[in-house]
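Number of protein chains: 2
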Amino acid sequence: MTERFARRIPEPTVVRLPLYRRVLVELSSRAVTTVSSAELAAAAGVNAAKVRKDLSHLGTYGTPGTGYDVDFLLGQIRRELGLDSEWRVAIAGMGNLGHALARSQGFSGQGFSVVALLDVDPAKLGEVVAGVQVRHLTELPEVAAETCPSIGVIASPPGAAQDVCDRLVAVGIGAVLNFAPAIVTVPPHVLLRQVDFAVELQVLGFYLAHREAAEPRADMSRPAL
Amino acid sequence: MTERFARRIPEPTVVRLPLYRRVLVELSSRAVTTVSSAELAAAAGVNAAKVRKDLSHLGTYGTPGTGYDVDFLLGQIRRELGLDSEWRVAIAGMGNLGHALARSQGFSGQGFSVVALLDVDPAKLGEVVAGVQVRHLTELPEVAAETCPSIGVIASPPGAAQDVCDRLVAVGIGAVLNFAPAIVTVPPHVLLRQVDFAVELQVLGFYLAHREAAEPRADMSRPAL
DNA sequence: CATTGTGAACGCCTTCACAGCC
DNA sequence: GGCTGTGAAGGCGTTCACAATG
Chain A
31 MTERFARRIP
41 EPTVVRLPLY
51 RRVLVELSSR
61 AVTTVSSAEL
71 AAAAGVNAAK
81 VRKDLSHLGT
91 YGTPGTGYDV
101 DFLLGQIRRE
111 LGLDSEWRVA
121 IAGMGNLGHA
131 LARSQGFSGQ
141 GFSVVALLDV
151 DPAKLGEVVA
161 GVQVRHLTEL
171 PEVAAETCPS
181 IGVIASPPGA
191 AQDVCDRLVA
201 VGIGAVLNFA
211 PAIVTVPPHV
221 LLRQVDFAVE
231 LQVLGFYLAH
241 REAAEPRADM
251 SRPAL
Chain B
31 MTERFARRIP
41 EPTVVRLPLY
51 RRVLVELSSR
61 AVTTVSSAEL
71 AAAAGVNAAK
81 VRKDLSHLGT
91 YGTPGTGYDV
101 DFLLGQIRRE
111 LGLDSEWRVA
121 IAGMGNLGHA
131 LARSQGFSGQ
141 GFSVVALLDV
151 DPAKLGEVVA
161 GVQVRHLTEL
171 PEVAAETCPS
181 IGVIASPPGA
191 AQDVCDRLVA
201 VGIGAVLNFA
211 PAIVTVPPHV
221 LLRQVDFAVE
231 LQVLGFYLAH
241 REAAEPRADM
251 SRPAL
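Protein chains in written order, with our numbering: chain A, 31 to 255; chain B, 31 to 255.
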């Protein structure tokens, strides 16, 4: 029980915390005060043992015989996820995906705020989306100096992804979320996460093609979610 | 070596196959005829041992001392992913995200084709995106009868996600890809995969908040991708 | 008495390391 | 000599099952 070092939380657990958080927000809004691991598990689509083990990584917040206090647990998860501070997000690439992300409620509020939008298409420059004006990608140094984003989102065409990524890294971004169907690389100190629609579709294609051969479990959500 | 039963391929391997495929397509277009596991690994952002183990699940396709034949391997992966047949995709929800998906090259060609677009907004009905007309969600039974989609994509607001999902399942869809930030459930015989932007962002927030405490590896791509 | 927290068992993927082959 | 394929070892998350607890 050496708690001297910050307890490491397994990545699969980290990925499930936002799910629990969403369920708890919903419960809280319905004025539910208590949840058991079984209820939380059902709502989040996982099993109860996993919920308990996951939450035990955060601390001892449950009450035997009763369950977890919804609001208290919500606060702990929010704190653990670093959602007390507001992370500033810059989105590069304002095609349909960029627009969708900029307007997504997950990107504004809830601990995140979109502070910069970039593109290279003259037709899009100046447009205001979600209260933020689209600026030219080459102006990124100035835009970054003004808005200090800590997370950069790549929503550009695949061919431009690495260039966009390099520019984001150059202005000191700490984390990159890449939606372009291309593998981008970052220096070791920069966090990177990739989301690839085409991959998801191909994974479904694989299991569809093989489904009668050897029935996989129906729910194979989140290899990374 | 009982090969009587279709060799099961681990899900993490299935998720990486589309990555290898993308690299091979690129190599093939540059007329490269051979790759070693080390080269493929570098381009896909994984390590060489993993590449070899992954590919060994498909068969014995490499040549010691030389590597893998690019075009042959590409064909094998394509076949394994079920991309010989064209999977028909229906997209429900034609907001910015739906548009982005409909136009995405990953959703047209490459073994997939968008055959149906659904929405409930009168302003969007009739619009043609990527050569397909947007129809009302309530017409799904007729649309499905005409186009026989086997994959349904949910790009609707979260509140409508389960209803949309139920409608897709009701018309016999075999797999669902959910982009709405909501947990949807499907019958056991239907495949389900979830992609959640908000979760990805929150995971980055977690590691940003903890990064100096206990440096995680920089590349934490694809928990589920 | 319902429910948590957690050691222990389990299963599975990853990584290693090297024999075998071109 | 270079590189693949793969048993074996290792690491890690999941699941089990139950003692502890309000």
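Note that CB positions come from ideal geometry on N, CA and C, so glycine has one too.
- [ ] Tell me the start and end of each unbroken alpha helix (DSSP H) in the stretch 46-78 of chain B that is at least 4 residues and wholly inside, in chain order.
- [x] 67-74
Open item on the list: Restricting to Cα atoms, I'd like to know which of A:Arg165, A:Pro171, A:Ser58 and A:Val220 is closest to Ile181 of chain A.
Closed with: Counting from one through the first sequence, the residue named residue 181 of chain A turns up at place 151. Considering only alpha carbons, the answer is A:Val220.
Task: Amino acids of chain B, ordered along the chain, whose beta-carbon sits closer than 9 Å to that of Gly139 of chain A - done: Within the first sequence, the letter at position 109 stands for residue 139 of chain A. Result: empty, since nearest Cβ-Cβ is about 10 Å, beyond 9 Å.
- [ ] Check each residue of the stretch 117-128 of chain A: if its Cβ is closer than 7 Å to any Cβ of chain B, include it; give the result in chain order.
- [x] Trp117, Gly125, Asn126 and Leu127
Task: C-alpha distance - Arg37 of chain B paired with Val44 of chain B, whole-angstrom precision - done: Stepping through the second sequence from its first residue, residue 37 of chain B is reached at position 7. Stepping through the second sequence from its first residue, residue 44 of chain B is reached at position 14. Distance between the alpha carbons of Arg37 of chain B and Val44 of chain B is about 12 Å.
Open item on the list: Is there a C-beta anywhere in chain B that falls below 8 Å from the one on Gln232 of chain A?
Closed with: The residue given as residue 232 of chain A occupies position 202 in the first sequence. It does: the Cβ of Gln232 of chain A has a partner Cβ on chain B nearer than 8 Å.
Open item on the list: By the three-class DSSP mapping on this structure, what secondary structure does Arg241 of chain A have?
Closed with: Here residue 241 of chain A refers to the residue found at position 211 when the first sequence is read from its first residue. Of the three classes helix, strand and coil, the one that applies to Arg241 of chain A here is coil, per DSSP.
Task: Interface flag, Pro179 of chain B vs chain A, CB-CB below 8 Å - done: For the purposes of this step, residue 179 of chain B is taken as residue 149 along the second sequence, with counting starting at 1. Output row for Pro179 of chain B: interface = no.
- [ ] State the beta-bridge partners of Val144 of chain B as determined by DSSP.
- [x] Within the second sequence, the letter at position 114 stands for residue 144 of chain B. In the DSSP output, where bridge partners are listed per residue, Val144 of chain B has B:Val119.
TODO: With a 10 Å radius around its C-beta and 16 neighbouring C-beta atoms as the bar for buried, classify Val62 of chain B as buried or exposed.
DONE: Against the second sequence, residue 62 of chain B aligns to sequence position 32. That one is exposed.
TODO: Measure how close the beta-carbons of Ala146 of chain A and Val162 of chain A come, nearest whole angstrom, since I'm counting them as under 8 Å.
DONE: The count along the first sequence starts at 1 and reaches residue 146 of chain A at position 116. The count along the first sequence starts at 1 and reaches residue 162 of chain A at position 132. 7 Å between Cβ atoms; contact.
Open item on the list: Could you tell me the alpha carbon to alpha carbon distance between Gly156 of chain B and Val144 of chain B, rounded to whole angstroms?
Closed with: Stepping through the second sequence from its first residue, residue 156 of chain B is reached at position 126. Stepping through the second sequence from its first residue, residue 144 of chain B is reached at position 114. Computed Cα separation, rounded: 16 Å.
- [ ] Evaluate contact between the stretch 225-234 of chain B and the stretch 218-235 of chain A, counting only Cβ atoms and requiring at least three cross-stretch pairs below 8 Å.
- [x] yes
Open item on the list: Suppose you measure from the CA of Pro48 of chain B to the CA of Gly75 of chain B; what does that come to, to the nearest Å?
Closed with: Position 18 of the second sequence, counted from the start, is the residue given in the question as residue 48 of chain B. Position 45 of the second sequence, counted from the start, is the residue given in the question as residue 75 of chain B. Taking the straight line from one Cα to the other gives about 13 Å.
Open item on the list: Between the alpha carbons of Asp101 of chain A and Arg108 of chain A, how many angstroms are there, rounded?
Closed with: In the first sequence, residue 101 of chain A corresponds to position 71, counting from 1. In the first sequence, residue 108 of chain A corresponds to position 78, counting from 1. Looking at the two C-alpha atoms, the distance is approximately 10 Å.
- [ ] Sort out for me which residues DSSP pairs Asn208 of chain A with in a bridge.
- [x] Taking the first sequence and counting its residues from 1, one reaches residue 208 of chain A at position 178. Beta-bridge pairing links Asn208 of chain A to A:Ile184 and A:Gln224.
- [ ] Give me the Cα-Cα distance between Val119 of chain B and Leu127 of chain A, rounded to the nearest whole angstrom.
- [x] Residue numbering aside, residue 119 of chain B sits at position 89 when the second sequence is read from its first letter. Residue numbering aside, residue 127 of chain A sits at position 97 when the first sequence is read from its first letter. Going from the Cα of Val119 of chain B to the Cα of Leu127 of chain A covers about 19 Å.
Open item on the list: Helix, strand or coil for Gln135 of chain B? Go by DSSP, reduced to three states.
Closed with: Walking along the second sequence from the start, residue 135 of chain B turns up at place 105. It is coil, neither helix nor strand.
Open item on the list: Applying the 10 Å Cβ sphere with the 16-neighbour rule, what's the burial state of Glu230 of chain A?
Closed with: Walking along the first sequence from the start, residue 230 of chain A turns up at place 200. It is buried - the Cβ of Glu230 of chain A has at least 16 other Cβ atoms within 10 Å.
- [ ] Please state if the CB of Gly125 of chain A and the CB of Ala130 of chain B are separated by a distance shorter than 8 Å.
- [x] Counted from its first residue, the second sequence places residue 130 of chain B at position 100. Counted from its first residue, the first sequence places residue 125 of chain A at position 95. Result yes, Cβ atoms of Ala130 of chain B and Gly125 of chain A sit closer than 8 Å.
Open item on the list: Assuming Arg109 of chain B is part of the alpha helix (DSSP H), what are its boundary residues?
Closed with: Reading the second sequence from its first residue, position 79 is the one you call residue 109 of chain B. Segment Val100 to Glu110, the alpha helix (DSSP H) holding Arg109 of chain B.
Open item on the list: For Arg247 of chain A, count the other beta carbons within 10 Å of its own beta carbon; 16 or more makes it buried, fewer makes it exposed. Which is it?
Closed with: Taking the first sequence and counting its residues from 1, one reaches residue 247 of chain A at position 217. Only weak support is given to the placement of Arg247 of chain A: the predicted model assigns it a pLDDT of 49, under 50, and the question is left unresolved by the model.
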